[in-house]
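Q:
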DNA sequence: AGCATTATGTAGTCCGGGCTACATTTCACG
DNA sequence: CGTGAAATGTAGCCCGGACTACATAATGCT
């Protein structure tokens, strides 16, 4: 049928597929990012990150948290010994820092364009995982010129 | 041990859990939104929405698309008869419209703050599902004053 | 009209990320 | 120091969303 003749004014299909694919990838790694972010925060504030606390902050059961922590360990982001709390690997710390910085920027940016603080915080939780470096840079430029 | 004594200078845990929960919800409905958006677009441009085309636009196999379409039908967003293409219900059309409007706004907004078009399009694919009404309104305000 | 190609559908698998239920370990406190 | 509550861990279930492989329907071409 050759539906996309010469026009291609927008949405070339292959690109669209790629966009969706990368959104899926972002979704997949979002959870891990949330975990390391919370673990890092708990380590910084309390000195230890216990599964129950992590679970409570995420609003899931401890069983879910423990299982996910297992995946983090498998993926080289965290390590822990039974009944001993969770710690981040080097890679985990790096990730946590990047994620935290991104989170702060997104929240600050949303606030700067007039989104109420509570909402900014909530939306950032979802948005931050889909903000590319280029977009993050745009956010920072905006904040700088504000 | 009562770890959260009186301080609570920020991040009240229950709120955080709620934020994560709603981010999870958004993630869960993101797929359905992508589907109805694409179906609506195909219906508008081609007159029909065939599973294979939907699959190609999403970058997944047709089997995946068909299964997901089954969920859309179960959820009252679409309907179809074997070998006959996919159509949207009233609810599906409404959702598609809302999603489309949101998508356009997000893309326009990102472009307005200096994100390159390609990137804006890509990031919007993920971001749009996490933008609350309040934030969307802020985007629109920004665009209006531009 | 008949056949090859393409689209559609079905079955079965895998993994992620939730949950509940139950088992085990720590630890605080009497 | 012993014990009961809280934390931790394990097992098993469910569903979503991806895949491959195979079967069947539709269609286009000669």
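Residue numbers (the numbering used here), protein chains in the order written: chain E, 1 to 146; chain L, 147 to 292. Heads up, the beta-carbon is just placed ideally off N, CA and C, and yes, glycines get one too.
Name the chain L residues that come within less than 9 Å of residue 21/E, Cβ to Cβ?
A: Under the 9 Å cutoff, chain L gives 204, 205 and 206.
Q: Does DSSP put residue 77/E in a helix, in a strand, or in coil?
A: Here residue 77/E sits in coil by DSSP.
Q: Considering just the uninterrupted stretch of the beta strand (DSSP E) at residue 115/E, what are its terminal residues?
A: Per DSSP, residue 115/E belongs to no beta strand (DSSP E) and is neither H nor E.
Q: Out of 244/L, 209/L, 237/L and 263/L, point me to the one whose CA is closest to residue 278/L's CA.
A: The shortest C-alpha separation from residue 278/L is found at 244/L.
Q: Could you tell me whether the segment 109-118 of chain E touches the segment 126-144 of chain E, where touching means 3 or more Cβ pairs closer than 8 Å?
A: With a cut-off of 8 Å, the segment 126-144 of chain E and the segment 109-118 of chain E count as touching, because enough Cβ pairs lie within range.
Q: Residue 222/L and residue 235/L - do their beta-carbons sit closer together than 7 Å?
A: A contact, by the Cβ cut-off of 7 Å.
Q: Just to confirm my understanding: we take residue 130/E, look at its own chain, exclude 5 residues before and 5 after, and list those with CB closer than 7 Å. What are they?
A: The residues are 23 and 26.
Q: Any Cβ of chain L within less than 7 Å of the Cβ of residue 79/E?
A: Taking Cβ atoms only, chain L never reaches closer than 7 Å to residue 79/E, which makes this a no.
Q: So, helix, strand or coil for residue 86/E, using DSSP?
A: The answer is strand: DSSP assigns residue 86/E an E or B state.
Q: Can you find at least 3 beta carbon pairs, one from the segment 172-189 of chain L and one from the segment 212-219 of chain L, that sit closer than 8 Å?
A: The answer is yes - the segment 212-219 of chain L touches the segment 172-189 of chain L, with three or more Cβ pairs under 8 Å.
Q: Given this structure, state the Cα-to-Cα distance separating residue 15/E from residue 262/L, to the nearest angstrom.
A: Distance between the alpha carbons of residue 15/E and residue 262/L is about 15 Å.
Q: Should residue 40/E and residue 96/E be called a contact, given that it needs their Cβ atoms to be closer than 7 Å?
A: Contact flag set, yes.
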